[in-house]
Amino acid sequence: MGTWEILILAAGLSMDAFAVSICKGLSVKRLKPRHCVISGLYFGGFQAGMPLLGWLLGKQFETLIKSVDHWIAFALLCIIGANMIREAFGDPDELNALFSPRAMLPLAVATSIDALAVGVTFAFLNVDILSSVLMIGCTTFLFSAAGVKIGHSFGIKFKSKAELLGGIVLIAIGIKILIEHLFFD
């Protein structure tokens, strides 16, 4: 995967965190810069750490599943993308104005599980893992920090659109990986 593909993937992975950050911004009566930074650090940190963890796990099993790696990447990305699309049409999440570790940690873990699965696929693809996780973390930091501000300013109407777009992007990347492997390898 090239730099642009990783950047597009990073944007897609960031959409869950972006949507949750919008909700966090909605919940805040007086927005402070620290709200944006806290959201960015939690979500960006976990979105960077989970693919690295997934990559480490995937490397352990690389030789066992190398012949079906493209199908695994395709399936995982499509499942994650479809789940994001389904969530885009679901009920809005309950708003919580807290930015404490107790409030943010479960959200950061929940929104980064998909990044763990993507990290597993990275183990089977030609990916520079360090630059990839850095790009994913920084992208998510920016989206999350902006999401808090946008949520505070504009409201919940962007949440479902962000999840829908993120889901479509992840499915498109999964299809691209499968097509490249089946027809161009």
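By the working numbering, the letter at position 72 of the sequence shown is numbered 901, and the numbering carries on one by one without gaps.
Idealized CB from N, CA, C, for every residue including glycine.
* Asked: Taking the alpha helix (DSSP H) that residue 854 falls in, what are its first and last residues?
  -> In the sequence shown, the residue the question calls residue 854 occupies position 25. For residue 854, the enclosing alpha helix (DSSP H) begins and ends at 832-856.
* Does the distance from the CB of residue 998 to the CB of residue 837 come in under 8 angstroms? -> For the purposes of this step, residue 998 is taken as the residue at position 169 of the sequence shown. For the purposes of this step, residue 837 is taken as the residue at position 8 of the sequence shown. In contact: residue 998 and residue 837 (Cβ atoms closer than 8 angstroms).
* Decide if residue 889 is buried, meaning its Cβ has at least 16 other Cβ atoms within 10 Å, or exposed. => By 1-based counting over the sequence shown, the position of residue 889 is 60. The Cβ neighbour count for residue 889, taken over all protein chains shown within 10 Å, is under 16; the residue is labelled exposed.
* Asked: Do residue 914 and residue 993 have their C-beta atoms within less than 8 angstroms of each other?
  -> Within the sequence shown, numbered from 1, the residue matching residue 914 stands at position 85. Within the sequence shown, numbered from 1, the residue matching residue 993 stands at position 164. It is a contact, given that the beta carbons lie within the stated cut-off.
* Asked: Nearest to residue 868 by alpha carbon, out of 1013, 979 and 983?
  -> Position 39 of the sequence shown, counted from the first residue, corresponds to residue 868. The residue with the shortest Cα to Cα distance from residue 868 is 979.
* Asked: Buried or exposed: residue 853, going by 16 or more other Cβ atoms within 10 Å of its Cβ?
  -> Numbered from 1 along the sequence shown, position 24 holds the residue referred to as residue 853. Around the beta carbon of residue 853, 16 or more other beta carbons lie within 10 angstroms, which makes this residue buried.
* Asked: Roughly how far, in whole angstroms, is the beta-carbon of residue 966 from the beta-carbon of residue 877, given that I think they are within contact range, below 8 angstroms?
  -> Working through the sequence shown from its first residue, we reach residue 966 at position 137. Working through the sequence shown from its first residue, we reach residue 877 at position 48. Contact between residue 966 and residue 877 is confirmed by a C-beta separation of about 3 angstroms, below the 8 angstroms threshold.
* To do: Kindly give me the distance between the Cβ atoms of residue 970 and residue 860, rounded to whole angstroms, as I take these residues to be in contact under 8 angstroms.
  => Within the sequence shown, residue 970 is the residue found at index 141, counting from 1. Within the sequence shown, residue 860 is the residue found at index 31, counting from 1. No, residue 970 and residue 860 are not in contact; Cβ-Cβ is about 17 angstroms, not under 8 angstroms.
* From which residue to which residue does the alpha helix (DSSP H) around residue 931 run? -> For this step, residue 931 is matched to residue 102 along the sequence shown. Segment 930-951, the alpha helix (DSSP H) holding residue 931.
* To do: Report the three-state DSSP secondary structure of residue 859 (helix, strand or coil).
  => Position 30 of the sequence shown, counted from the first residue, corresponds to residue 859. Here residue 859 sits in coil by DSSP.
* With distances taken between CB atoms, is the gap from residue 879 to residue 956 smaller than 8 angstroms? -> Position 50 of the sequence shown, counted from the start, is the residue given in the question as residue 879. Position 127 of the sequence shown, counted from the start, is the residue given in the question as residue 956. The answer is no: Cβ separation not under 8 angstroms.
* From the DSSP output, in three-state form, read off residue 955 for me. => Stepping through the sequence shown from its first residue, residue 955 is reached at position 126. Coil, per DSSP.
* Asked: So, does the CB of residue 893 fall closer than 8 angstroms to a CB anywhere in chain B?
  -> Absent from the structure is chain B; it holds one protein chain and no more.
* Let me know the secondary structure DSSP gives residue 882 once reduced to three states. => Your numbering for residue 882 matches position 53 in the sequence shown. When DSSP states are grouped into helix, strand and coil, residue 882 belongs to the helix group.
* Asked: Going by Cα to Cα distance, which pick from 947, 990, 900 and 864 is closest to residue 932?
  -> Looking up residue 932 in the sequence shown gives position 103. Checking every option, the nearest Cα to that of residue 932 belongs to 864.
* Asked: Using DSSP with H/G/I as helix, E/B as strand and the rest coil, what is residue 918?
  -> One-based indexing of the sequence shown puts residue 918 at position 89. In the three-state scheme derived from DSSP, where H, G and I count as helix and E and B as strand, residue 918 is classed as coil.
* Compare the C-alpha of residue 858 against each of 883, 904, 927 and 873 and name the closest. => Stepping through the sequence shown from its first residue, residue 858 is reached at position 29. For residue 858, the nearest C-alpha among the options comes from 927.
* Would you decide whether residue 959 is buried or exposed? Buried here means 16 or more other CB atoms lie within 10 Å of its CB. => Here the question's residue 959 lines up with position 130 in the sequence shown. The residue in question, residue 959, is exposed, as its Cβ has fewer than 16 Cβ neighbours within 10 Å.
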